[in-house]
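Beneath this line is the structure, given in structure tokens, with notes to follow.
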Amino acid sequence: MLGIITIVAGAIGWLLIVDFPDNANFLTEEERRHVIRRLDRDRGDGEHDELTTKKVLAHLSDWKIWTLAVAFACSTMPAYSLAYFIPIILRGLGFSVALSNILVAPPYVVAVMLALATSWWSDKIRLRTPFIIAHSLIAIAGFTIVLHAHSNGVKLFGTFLAVAGTQPQMPFIIGLLQNNIVSSSKRAVASGVQVAFGAIGGIAASTVYQEKDSPRYINGLRATIIFHAGLIATVCAVAYAFHLRNKQLDREAALRSEVELDAMNEKERALALWRHTI
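Each residue of the sequence shown is one higher than the one before, starting from 697 at the first, in this note's numbering.
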């Protein structure tokens, strides 16, 4: 019975999730062509391409799928561990069971507000990694405060920072990978790999806050800090690689004549102008 809400929501979602434009029945033929043209202008990805074994194997050879899958695992471990054990952490800070369960909600409200604000800002300036790094630094500061502070009030403040910095990371990492994938078949493969690694992070999360470490949970807090540091290192390496690739694409574009560009269709032009999102 505990999963009935998820099952019902999933069934409703199956009916509501928008299909690819070439299969969307609610669009007229003209609207369908318009949407496909817009997608082609944006990233040369307006039409759904069939997923085959050959394509799957080719897509799996792309290093950025695996690297950002590891980054996703680094983001899910702290997020899931907080979800599992934040009431235990709060009880360890001296709060009662009832008050611990009540105090779980406010940090997540702050996290939602931060996630919405930084997501809007990230889309506006078309950058992802600076926000991912900033989120992790906030989380590291929060976990460090919880680890070393003596006052319960200060530790509770650290919990707010830890949750606020941790929760936005998963959608940001997913967005970073999706922004840097062209073709729907490759996007499907990338999503599958990334979600699988996210589950690995969840498995790790279930082991870090152990009862024997109560009440300070030093090992668990250190583990979450290490995972956030690993996330920062991973996205910095990815951002640098994307920066170098964009420079190479810029050099190649500079050698391309206007006549060549004019001869391209919208999809070809979009692919020629496409750059990695950093």
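Heads up, the beta-carbon is just placed ideally off N, CA and C, and yes, glycines get one too.
According to the DSSP assignment, GLU948 belongs to the alpha helix (DSSP H) that extends over 914 to 950. Counting every other CB atom within 10 Å of its CB across the protein chains shown gives CYS770 a total of 16 or more, marking it as buried. Taking 8 Å as the cut-off, the Cβ atoms of VAL885 and ALA807 do not count as close. With fewer than 16 other beta carbons inside 10 angstroms of its own, LEU712 counts as exposed. By the Cβ test, the segment 926 to 944 is not in contact with the segment 784 to 795, since fewer than three Cβ pairs between them sit closer than 8 Å.
By the criterion of a C-beta distance shorter than 8 Å, MET866 is surrounded in its chain by PHE768, SER771, THR772, ALA775 and GLY894, once the five residues flanking it on both sides are discounted. The count of Cβ pairs closer than 8 Å, one atom from the segment 872 to 887 and one from the segment 750 to 767, reaches three, so the stretches are in contact. When the alpha-carbon of PHE868 is set against those of THR814, ALA837 and ARG912, the nearest one is in THR814.
Judged by DSSP secondary structure, THR855 falls within the alpha helix (DSSP H) whose first and last residues are 848 to 862. Looking at the backbone, the Cα of MET960 and that of SER953 are separated by about 11 Å. With fewer than 16 neighbouring CB atoms inside 10 Å of its own CB, THR749 falls in the exposed class.
For secondary structure counted as the alpha helix (DSSP H) over 4 or more consecutive residues, the segment 776 to 857 holds these complete runs in sequence order: 793 to 799, 801 to 821 and 825 to 844. TRP970 carries a coil assignment under DSSP once its states are collapsed to helix, strand and coil. Rounded to the nearest whole angstrom, the C-alpha separation of LEU927 and SER832 is 8 Å. HIS924 and ARG883 have their C-alpha atoms roughly 25 Å apart. By the Cβ rule, the segment 778 to 785 counts as touching the segment 894 to 909, because three or more pairs are nearer than 8 Å.
Of the other Cβ atoms in all chains shown, 16 or more fall within 10 Å of the Cβ of ARG824; this residue is therefore buried. The distance from the Cβ of PRO717 to that of ILE732 is about 5 Å, consistent with a contact at the 8 Å cut-off.
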